[in-house]
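In short: position in the sequence shown from 1, add 145, done, that's our numbering. First up is the structure itself, then whatever we jot down about it.
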Amino acid sequence: MKVFREDGSVLIEELVLARGFRRYIGLMFRLKMPYEGLLLSMEGTEFIHSFFVFFPFKAIFLDDDFRVVETCIMKPFTVKRVKADWVLETSPEKVVKKGETLVIR
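Structural data, given as structure tokens:
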């Protein structure tokens with residue numbers, strides 16, 4: 146899958162959808178970002194953490210329409226509380242604006 150901006154430009158070339166066990170493990174125990182982007186459902190939770198993630202990453206929080214609700218740089222061993230439907234984890238260099246709608250296909 147790819148992630149596109151509203152103007153059609155590509156934000157992420159290779160997106161991995163985390164399901165099942167991968168959703169619970171996420172980026173834990175990694176020394177570097179293994180994917181260009183990792184999409185996780187936030188169903189049933191309002192928190193993400195970076196426990197046992199040994200590098201900073203950008204968390205892009207999305208609503209059910211894939212509109213950007215909030216972004217932050219997650220440093221190792223931190224917790225963030227956000228009401229969102231999805232979180233897109235990617236490299237800190239990726240820039241998106243709050244309110245921007247992303248297209249995933």
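Note that the Cβ used here is the ideal one computed from N, Cα and C, for glycine as well. All values reported here derive from a predicted model rather than from experimental measurement.
Sheet register partners of Ala-163 (DSSP bridge): Leu-185
List the whole-angstrom C-beta distance separating Phe-222 from Ser-186, where the pair is believed to meet the contact cut-off of C-beta under 8 Å. Contact doesn't hold; Cβ gap of about 23 Å is too wide.
With a Cβ-Cβ cutoff of 9 Å, do Met-146 and Ile-249 count as a contact? One thing to note: Met-146 has its Cβ within 9 Å of the Cβ of Ile-249.
6 Å Cβ shell around Leu-183 - same chain, five flanking residues per side excluded: Val-161, Ala-163, Glu-234
What is the DSSP secondary structure of Arg-168, reduced to helix, strand or coil? helix
At what residue ranges does the segment 185-233 contain a whole run of the beta strand (DSSP E), taking only runs of 3 or more? If we require 3 residues or more, the beta strand (DSSP E) runs fully inside the segment 185-233 come out as 192-194, 202-207, 213-219, 224-226.
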